[in-house]
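Protein chains in written order, with this note's numbering: chain A, 92 to 491; chain B, 327 to 620.
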């Protein structure tokens, strides 16, 4: 299978990611099966077996080993990918930090699934949101098209000389990963030209210039400076993500920003949401707009780096902003996205009130009516003379 | 040296590998130990047979259900925690033995039975297997070995035979399969047995023998996965797959000593039985000694 002309395909989200991987044709893929990501690496294994790609495919014995193998491969100087979900992501935990601190441009698809326990295989964002501090760039996609596009762009972002950080691209488990939707692909040649050949920096396989990767760096070393450079790379990544997106738009006609704002220009109330729920949210925004309500929404695209200024610009003028988190940070004032957005809007004057909503945990359905309820809360708060209470509001939580 | 066998559970003092007498129970009695008569295992899957055999063994030994704890990992086998009406823990992938070690250490008088799949036991949790065996902690470790990752849709596992197909080895597996029984034995397990879903009564006996054994007891229950393993390898007819177990399993006494298990011939029965101090007993003795009570 080769794609010689741009084609619109009906694919599952997993197929979209696997197709992007095939066209990028990385040197190494190491993975372990986990629902609902399995299909990605399973399809990829078939590509490898059929000689459609030149990849060395490693069937590891756990995700801990898969990420370890990815680190070894990337440090050796190979373009490296993997994919995971949920518990697999959690098992990779210690290595995620290592991959980022070694500045290895690994690209990983994470199909969002709830973390145990109790065990649950359905979508929420607790896996990757829990990994927000590991130093990886995080791009959240909404649909099949973006699953593909993000994965192609991720290679360029990760390998960019100003960045050199691993990138994870997220799609919603089942809702996108398993459901079929449209995806317009580029040609193989376009993708190959876009990503270009990989030029590793200080690879271990360059035996004429031996390097040591990750040695002990204690009290008198440069650990702290090392961490500061990781942060500097993250800061540069915002610009690079946008530049790569602009270049990708010329190729594909699809322009992605750091955030995805919808009808926010004159919005009085707005919702911030991640992933596939954004489509339903936009539908409700349109419905409310038709009734004369000045509603808007923002979808999170890059969560790490978090483009705070873009949020202030897009929704800083709103009276009330609701943030819908599909994962929780127990004991904090709200979910992870809430904490970021509220912080991003803190310096706005006047400052919007920001309210936390929790929805969709463990795959709990989110209905249009639930999003309307959230907007009702926001509109009521906007009408009040005093600030409303800021406790979490759960959407579609069983009351009995 | 601690007793090799919990005498209270056994009618007669056993020979080295004499297994407890078991009686097979009516479905109505079996169902009393199930929370639901329905499972989500695929039609033709042998996990139901293996689960029933475990209940039959527990009934035969008259284990107190309130003193019996089932710890399972993730995958098709792990679902057993939802079905068995005992204290059950559904842990994370590969960690069943680690959790069970904690449970047993907390109350060594409990019967702790660990149910794993081949992924749990030989891949992601392989490290726990060798160390539980090395410690010789009194757990009954059962692996439902269907030689495939069933729950995630048929990827190769460490017990997928060389040459066999799976969705991650569509033209045949090039890796050597684990003989998990040999692994457990080499790591120090003091009771190692293999049974099949075909030979039901033997499986019940092996489970009963493993439960009464004091020390790390390991039973590999050869399971069948028609849906993913069968469809990709030599046909998905469950009865045919069970018949193949009948044809390929050789009583251990007739199996050439030292010969490895291979594709179409493997030993079944008690493969290894040894006497060695059990971990929680050794620990209790150490406590006594350290506190100057002995």
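Just so it is clear, CB atoms sit at the ideal spot from N, CA and C, and this is done for glycine as well.
{"Check": "Segments assigned alpha helix (DSSP H), at least 4 residues, entirely inside the stretch 420-485 of chain B", "Outcome": "422-432 and 452-461"}
{"Check": "Status (buried if at least 16 other CB within 10 Å, exposed otherwise) for residue 329 (chain B)", "Outcome": "Residue placement at residue 329 (chain B) is flagged as unreliable, the pLDDT there being 44, under the threshold of 50; the coordinate-derived value follows with that caveat. Exposed."}
{"Check": "Contacting positions in the stretch 118-135 of chain A - beta carbon closer than 8 Å to chain B", "Outcome": "123, 124, 125, 126, 129, 130, 132 and 133"}
{"Check": "DSSP state of residue 336 (chain B) mapped onto helix, strand, coil", "Outcome": "Confidence at residue 336 (chain B) is low in this model, with a pLDDT of 47, below 50, so the placement of that residue should be treated as unreliable; the coordinate-derived value is given next. Residue state, collapsed to three classes: coil."}
{"Check": "Interface flag, residue 457 (chain B) vs chain A, CB-CB below 9 Å", "Outcome": "no"}
{"Check": "Beta carbon proximity, residue 442 (chain B) to chain A, threshold 9 Å", "Outcome": "no"}
{"Check": "Contact belief for residue 173 (chain A) with residue 197 (chain A) at Cβ below 8 Å, rounded distance in angstroms", "Outcome": "7 Å"}
{"Check": "Three-state secondary structure assigned by DSSP to residue 371 (chain A)", "Outcome": "helix"}
{"Check": "C-beta contact flag for residue 412 (chain A) and residue 446 (chain A) at 9 Å", "Outcome": "yes"}
{"Check": "9 Å Cβ cutoff, residue 495 (chain B) in contact with chain A", "Outcome": "yes"}
{"Check": "Cα-Cα separation between residue 337 (chain A) and residue 290 (chain A), rounded to whole angstroms", "Outcome": "22 Å"}
{"Check": "DSSP three-state assignment for residue 388 (chain A), whether helix, strand or coil", "Outcome": "strand"}
{"Check": "Under 9 Å from the C-beta of residue 428 (chain B): neighbouring residues of chain A", "Outcome": "Near residue 428 (chain B) there are no residues of chain A at all, since even the closest Cβ is about 15 Å away, more than 9 Å."}
{"Check": "Helix, strand or coil at residue 213 (chain A) [DSSP, three-state]", "Outcome": "coil"}
{"Check": "Touch test, the stretch 147-159 of chain A against the stretch 444-459 of chain B, Cβ-Cβ under 8 Å, three pairs minimum", "Outcome": "yes"}
{"Check": "Given residue 120 (chain A) as reference, the closest of A:199, A:253 and A:368 once Cα atoms are compared", "Outcome": "A:199"}
{"Check": "Residue span of the beta strand (DSSP E) that contains residue 199 (chain A), given as start and end", "Outcome": "198-203"}
{"Check": "Three-state secondary structure assigned by DSSP to residue 484 (chain A)", "Outcome": "strand"}
{"Check": "For residue 319 (chain A), the three-state DSSP class (helix, strand or coil)", "Outcome": "helix"}
{"Check": "Reduced DSSP category for residue 296 (chain A) - H, G, I as helix; E, B as strand; rest coil", "Outcome": "coil"}
{"Check": "Exposure label - residue 322 (chain A); buried when at least 16 CB within 10 Å", "Outcome": "exposed"}
{"Check": "With 16 other Cβ atoms within 10 Å as the buried cut-off, status of residue 341 (chain B)", "Outcome": "Because residue 341 (chain B) carries a pLDDT of 47, less than 50, the predicted location of this residue cannot be relied on, and the following value inherits that uncertainty. The residue is exposed, with fewer than 16 neighbouring Cβ atoms inside 10 Å."}
{"Check": "Residues in the stretch 167-186 of chain A having any Cβ partner in chain B nearer than 9 Å", "Outcome": "178, 179, 181 and 182"}
{"Check": "Residue(s) in a DSSP beta bridge with residue 593 (chain B)", "Outcome": "B:576"}
{"Check": "Reference residue 464 (chain A), options A:448, A:477 and A:475, closest by Cα", "Outcome": "A:448"}
{"Check": "Proximity of residue 267 (chain A) and residue 104 (chain A) at Cβ, strictly below 9 Å", "Outcome": "yes"}
{"Check": "Residue burial classification, residue 491 (chain B) (beta-carbon count within 10 angstroms, cutoff 16)", "Outcome": "buried"}
{"Check": "Exposure label - residue 575 (chain B); buried when at least 16 CB within 10 Å", "Outcome": "buried"}
{"Check": "is_contact[residue 488 (chain B), chain A] using C-beta, thresh 9 Å", "Outcome": "no"}
{"Check": "heavy atom of the ligand COA below 8 Å from residue 388 (chain A) C-beta", "Outcome": "Among the components of this structure there are no ligands whatsoever, and the ligand COA is therefore not found."}
{"Check": "Proximal residues of chain B, C-beta to C-beta of residue 137 (chain A) below 8 Å", "Outcome": "493 and 496"}
{"Check": "Proximity of residue 537 (chain B) and residue 437 (chain B) at Cβ, strictly below 9 Å", "Outcome": "yes"}
{"Check": "Where residue 507 (chain B) sits in the DSSP three-state scheme", "Outcome": "helix"}
{"Check": "Interface residues of the stretch 210-235 of chain A facing chain B [CB-CB below 7 Å]", "Outcome": "210"}
{"Check": "Residue 97 (chain A) and residue 275 (chain A) closer than 9 Å at C-beta", "Outcome": "yes"}
{"Check": "Closest residue to residue 180 (chain A) among A:383, A:129, A:471 and A:194 (Cα-Cα distance)", "Outcome": "A:129"}
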